[in-house]
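**Q** Residue numbers (the working numbering): 39 to 301.
For each residue, glycine too, the CB sits at the ideal point set by N, CA and C.
Here the structure is a predicted model, which is why all the values come from computation and not from measurement.
Quick one: the structure is below, and I'll ask about it shortly.
Quick look at the structure:
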């Protein structure tokens, strides 16, 4: 692996005491990361779904269907989709809660939120969906509002992961569950090596050819490497006030779904 692709030890994605945090493999001021993330997702919004399909070989749709199946949502329930992106999980949640339920679709990026809203409206999801531009670290909702809160492929982009997890726990109803779907640590060393090669050699080239944006996707790859592994994230969720956190490894641990309950 080239020296520039060397992987630093993953942290907890929380802001460091010296006022620095990571943006991919770079160290940046804590107050700067949110702006950089916002600019990045403004850049990738238009190609987001296409690139997800290409880079995951369509597997992200299977991961999201499994996530929705673990939501516990029933007709009439309420769901919050944090960092909802283009709204894939919001659409699955809307089908589960039905017309009497509600799905609140949120994102930190206005460009991504607009993309998600357009796709959901095109899919005919109107009556039971609403939208909010809000930060995962400080959600604009009162306590104990939702039966299920989900964040998919977004937690690694927040500046203070501990705050985001605590705030998502705060807005859960007692007995509700938090779903965290995120890239994680492959379980087999051989798979880890193959994944490294694909991530650092293949993904940037595809991004350059298809989206004309190698830089943004190189950051996304780096952010995956800085994300906590399965057990570390489980510990962070327990510290945030969740109980009975279980880990579901998908695709050999390349992706993991963490499910925690509020009691």
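Would you report the Cα separation of residue 175 and residue 62, rounded to the nearest angstrom?
**A** When rounded, the distance between both Cα atoms is 19 Å.
**Q** Between which two residues does the beta strand (DSSP E) carrying residue 211 extend?
**A** Where residue 211 is concerned, the enclosing beta strand (DSSP E) stretches over 210-221.
**Q** By the 10 Å Cβ neighbour count, where 16 or more other Cβ atoms means buried, how is residue 113 classified, buried or exposed?
**A** Exposed, because fewer than 16 other Cβ atoms sit within 10 Å of the Cβ of residue 113.
**Q** Assign residue 178 to one of three DSSP states: helix, strand, or coil.
**A** Residue state, collapsed to three classes: coil.
**Q** Should the segment 166-184 be regarded as contacting the segment 203-217, the criterion being three or more beta carbon pairs within less than 8 Å?
**A** Flag = yes, the segment 166-184 and the segment 203-217 touch.
**Q** Determine the direct distance from the alpha carbon of residue 284 to that of residue 300, and round the result to whole angstroms.
**A** Roughly 13 Å separates the two Cα atoms.
**Q** Please state the DSSP three-state secondary structure of residue 164.
**A** In the structure shown, residue 164 sits in coil (DSSP, three-state: anything other than H, G, I, E or B).
**Q** Let me know the secondary structure DSSP gives residue 141 once reduced to three states.
**A** Strand.
**Q** What does the Cβ neighbour count give for residue 242, buried or exposed, with the cut at 16 atoms within 10 Å?
**A** Counting Cβ neighbours within 10 Å, residue 242 comes out buried, since at least 16 surround it.
**Q** Do residue 127 and residue 115 have their C-beta atoms within less than 7 Å of each other?
**A** No, the Cβ-Cβ distance between residue 127 and residue 115 is not below 7 Å.
**Q** Helix, strand or coil for residue 265? Go by DSSP, reduced to three states.
**A** It is coil, neither helix nor strand.
**Q** Touching or not, the segment 153-165 and the segment 181-188, by the rule of three or more beta carbon pairs under 8 Å?
**A** These segments do not touch.
**Q** Which of the three DSSP states is assigned to residue 197 in this structure?
**A** Three-state DSSP puts residue 197 in coil, outside helix and strand.
**Q** Which word fits residue 260, buried or exposed, when buried means at least 16 other C-beta atoms lie within 10 angstroms of its C-beta?
**A** Per the 10 Å Cβ criterion, buried.
**Q** In chain order, what residues of the same chain lie with their CB nearer than 7 Å to the CB of residue 165, ignoring the 5 residues before and after it?
**A** These residues qualify, in order along the chain: 137.
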